[in-house]
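**Student:**
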Amino acid sequence: MTTTRQAGTRARILTAAVEVIAAHGVSGATTKRIAASAGCSEALIYKHFTGKEELFLAVILEVMPGLAHALDRLRSDLDERPLAEALTAFAESAVEFYRQAAPIASGLLTDPALLGAFRAMLAVRQAGPHIPIAVLAGILRAQQAAGRIRADADCDGAAALLMGACYQRADHSLLVELPTEPASFAGSAVSALLTGLSA
Numbered sequence: 001m002t003t004t005r006q007a008g009t010r011a012r013i014l015t016a017a018v019e020v021i022a023a024h025g026v027s028g029a030t031t032k033r034i035a036a037s038a039g040c041s042e043a044l045i046y047k048h049f050t051g052k053e054e055l056f057l058a059v060i061l062e063v064m065p066g067l068a069h070a071l072d073r074l075r076s077d078l079d080e081r082p083l084a085e086a087l088t089a090f091a092e093s094a095v096e097f098y099r100q101a102a103p104i105a106s107g108l109l110t111d112p113a114l115l116g117a118f119r120a121m122l123a124v125r126q127a128g129p130h131i132p133i134a135v136l137a138g139i140l141r142a143q144q145a146a147g148r149i150r151a152d153a154d155c156d157g158a159a160a161l162l163m164g165a166c167y168q169r170a171d172h173s174l175l176v177e178l179p180t181e182p183a184s185f186a187g188s189a190v191s192a193l194l195t196g197l198s199a
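Residue numbers (UniProt numbering): 1 to 199.
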């Protein structure tokens, strides 16, 4: 019962953090505001998280539509769907992840102390934005070994290009109303990528 209650409290804090970040940005997302939104004490936040950086990382990894889940889905999709279709669905998910993560990322970049603590925590956990690119490259190499991608194709470069395009699309969508829908963008990006990769 206690574990269930603790999990519920942790989830409530994470939900409150998302709401407070959306309303006030990372710099305004104080533990006092998050505690008030969650209906708990600041001390209770620190019972579940060592600090704001761990709380923000948990928001990125546990609350937002994660890239790890999208990459897992891509692996399973490739058993049943054409490469272009599976990669397009993944690209749409990646754009949405980057769009939702942008407020936290931009807030971290403007706070040197918080950014330093966040970077140190990522190093300890061996996590970071480069990991999904490496995982995607591995998935592409598996497709290469299966003969669905040219044997001489650069899978690391292809993964970086696709993820970079998704990141840029998300960034632009926060600044302006874009003329194409995310699904159309994803299809075009994957089509261009596969032109250079297809066996």
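All C-beta atoms in this analysis are idealised placements derived from N, C-alpha and C, irrespective of residue type, glycine included. Since the structure is predicted, the reported quantities are computational estimates derived from the model, not experimental observations.
Just the Cα atoms here: how many angstroms apart are G157 and C166?
**Tutor:** As a working mapping, residue 157 is identified with position 157 in the sequence shown. As a working mapping, residue 166 is identified with position 166 in the sequence shown. Taking the straight line from one Cα to the other gives about 14 Å.
**Student:** What is the DSSP secondary structure of S76, reduced to helix, strand or coil?
**Tutor:** Taking the sequence shown and counting its residues from 1, one reaches residue 76 at position 76. Correct three-state label for S76: helix.
**Student:** Can you list, in chain order, the residues of its chain with a C-beta nearer than 7 Å to that of M121? Leave out the 5 residues immediately preceding and following it.
**Tutor:** Indexing the sequence shown from 1 puts residue 121 at position 121. E53, E54 and L57, listed in sequence order.
**Student:** Output needed for V59: all residues of its chain with C-beta closer than 8 Å, excluding positions within five of it in sequence on either side, in chain order.
**Tutor:** The residue labelled residue 59 in the question sits at position 59 within the sequence shown. Counting only Cβ-Cβ distances below 8 Å, and skipping sequence neighbours, we find L14, A17, V18, I21 and I104.
**Student:** With DSSP collapsed to three states, give me the class of S198.
**Tutor:** Indexing the sequence shown from 1 puts residue 198 at position 198. In this structure, S198 counts as strand in the three-state DSSP scheme.
**Student:** Could you give the first and the last residue of the continuous alpha helix (DSSP H) run that contains D152?
**Tutor:** Counted from its first residue, the sequence shown places residue 152 at position 152. Element bounds for D152: n/a, residue is neither H nor E.
**Student:** Taking 7 Å as the cut-off, is the CB of I21 close to at least one heavy atom of the ligand MN?
**Tutor:** For the ligand MN, the structure offers nothing, since it holds no ligand at all.
**Student:** I need the straight-line Cα distance from G8 to G147, nearest angstrom please.
**Tutor:** As a first step, residue 8 must be located in the sequence shown, where it is residue number 8. As a first step, residue 147 must be located in the sequence shown, where it is residue number 147. Their backbone Cα atoms lie some 47 Å apart in a straight line.
**Student:** Answer with yes or no whether the minimum CB distance from T50 to chain C is below 8 Å.
**Tutor:** No chain C is part of this structure, which consists of one protein chain only.
**Student:** Exposed or buried, Q126, counting other C-beta atoms within 10 Å across all chains shown (16 or more means buried)?
**Tutor:** Mapped onto the sequence shown, residue 126 falls at position 126. Exposed.
**Student:** Looking only at its chain, what residues have a beta carbon closer than 6 Å to the beta carbon of F118, apart from the 5 residues adjacent to it on each side?
**Tutor:** Residue numbering aside, residue 118 sits at position 118 when the sequence shown is read from its first letter. These residues qualify, in order along the chain: E53 and L108.
**Student:** Run through the UniProt domain "HTH tetR-type" (7-67) for me and flag every whole alpha helix (DSSP H) of 4 or more residues, listed as ranges in chain order.
**Tutor:** Counting only runs of 4 or more, we get 31-38, 42-48 and 52-58.
**Student:** With distances taken from CA atoms, which of S106, R73, S41 and T88 is nearest A192?
**Tutor:** Taking the first residue of the sequence shown as 1, we reach residue 192 at position 192. With distances taken between Cα atoms, A192 lies closest to T88.
**Student:** Have a look at A183 and R169 and give me their C-alpha separation to the nearest angstrom.
**Tutor:** Within the sequence shown, residue 183 is the residue found at index 183, counting from 1. Within the sequence shown, residue 169 is the residue found at index 169, counting from 1. Roughly 11 Å separates the two Cα atoms.
**Student:** Do A91 and L162 have their CB atoms nearer than 8 Å?
**Tutor:** Here residue 91 refers to the residue found at position 91 when the sequence shown is read from its first residue. Here residue 162 refers to the residue found at position 162 when the sequence shown is read from its first residue. In contact: A91 and L162 (Cβ atoms closer than 8 Å).
**Student:** When the Cα atoms are used, what is the spatial distance from H130 to I139?
**Tutor:** The residue labelled residue 130 in the question sits at position 130 within the sequence shown. The residue labelled residue 139 in the question sits at position 139 within the sequence shown. The alpha-carbon atoms of H130 and I139 are separated by roughly 15 Å.
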